[in-house]
Amino acid sequence: MTGPIETTTLTAQIADDIRRQIEAGTLSEGDRLPTLPELQSTYRCSSTIAREALRLLRQRGLVVTRQGSGSYVRALPRRRILRGRLVRRDPTRGYIMPAATGADEPWQTHGQPQATTLPVPPTVADILGIDAGTPAVRRRRVTSPAGEEPFQIADTWIHPGGVADAPQAGAPDTGPGGYLDRLEEAGHGPITWTERLRIRVPTAEEARLLSISTALPVAELARIGASARWGQPIEVTVCVIPGDRVEVLTDLERDASARWPTIPVSLAG
63 MTGPIETTTL
73 TAQIADDIRR
83 QIEAGTLSEG
93 DRLPTLPELQ
103 STYRCSSTIA
113 REALRLLRQR
123 GLVVTRQGSG
133 SYVRALPRRR
143 ILRGRLVRRD
153 PTRGYIMPAA
163 TGADEPWQTH
173 GQPQATTLPV
183 PPTVADILGI
193 DAGTPAVRRR
203 RVTSPAGEEP
213 FQIADTWIHP
223 GGVADAPQAG
233 APDTGPGGYL
243 DRLEEAGHGP
253 ITWTERLRIR
263 VPTAEEARLL
273 SISTALPVAE
283 LARIGASARW
293 GQPIEVTVCV
303 IPGDRVEVLT
313 DLERDASARW
323 PTIPVSLAG
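The opening position of the sequence shown corresponds to residue 63 in the numbering used here, with each subsequent residue numbered one higher.
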């Protein structure tokens, strides 16, 4: 029993020590990590333990290994997103939702966007108010700011009733303004939106599309669009973003009860 416990502990200690060096800036983005023999010498460990420590760092999204070259500190920009509440519209593009840095920032699509009819997963079914497994249109895009590696998976699920009213919303080519314009033209406008955020582990497919480990948590941001005709959700877009690539900021507003100058607590009441 002692052997495996000591091995696991030493593996974690090596990974944690390298993580601290990265966080302190001793090892910077793009820097090459010590080789396996160097790790063995520094930490007086076996090659197996050194490899496992590197594997832990890769799982945490801190390190990338290049075949025949070595392991390097991952150079991924962490995007600071100020989540606004303003939905804009561009005459040529349609609706523009709160974005990473601004409405004019260019984004790119990785691979071919998909429009497929699939069984609705339970979490989406709960949002749309339909039974899990019901066939529905899913529009999938893997996107990122221009020039960056895949940043997010964006899956839009459209209520079957919405597609029945606006068939082009579920077609590969949705036309000018996209699927939202088609839904609103079919009598569901104006659509109103809410967002909800949760943290979870990615599925194997999500990890593959984003080139991350299944051990790295992701942020799931769901934007839910409600039909004005129904008064309930007609579509939901679920964005999945690796947890090491984003910081979310929200400006807080003062309520009238929190106006300044404040009333000292000792004098209140």
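Here a beta-carbon is modelled for each residue, glycine too, at the ideal position from N, C-alpha and C.
Pairing Ala-288 with Pro-295 gives a Cβ-Cβ distance under 8 Å. Secondary structure in the region 94–126: the alpha helix (DSSP H) runs of 4 residues or longer, each lying completely within the stretch, are 98–105 and 109–121 in chain order. With the rule of 3 Cβ pairs closer than 8 Å, the region 181–190 does not count as touching the region 209–216. In the structure shown, Gly-223 falls within a helical segment according to DSSP collapsed to helix, strand and coil.
For Pro-207, the enclosing beta strand (DSSP E) stretches over residues 197–207. Looking from the CA of Arg-128, the closest CA among Arg-147, Met-159, Ser-103 and Arg-94 belongs to Arg-94.
The region 239–254 and the region 211–230 touch, with no fewer than 3 CB-CB distances between them shorter than 8 Å. Secondary structure in the region 231–274: the beta strand (DSSP E) runs of 3 residues or longer, each lying completely within the stretch, are 254–262 in chain order.
One alpha carbon belongs to Asp-78, the other to Ser-131, and they sit about 23 Å apart. With contacts defined as CB atoms closer than 8 Å, Tyr-157 and Gly-92 fail to qualify as a contacting pair.
For Ile-158, the enclosing beta strand (DSSP E) covers residues 156–158. Between Arg-202 and Ile-220 the beta-carbon gap is near 12 Å, outside 8 Å, which marks them as no contact.
Following the DSSP letters along the chain, one finds Ala-187 inside the alpha helix (DSSP H) bounded by residues 184–190.
Secondary structure of Ala-86 (DSSP, three-state): helix.
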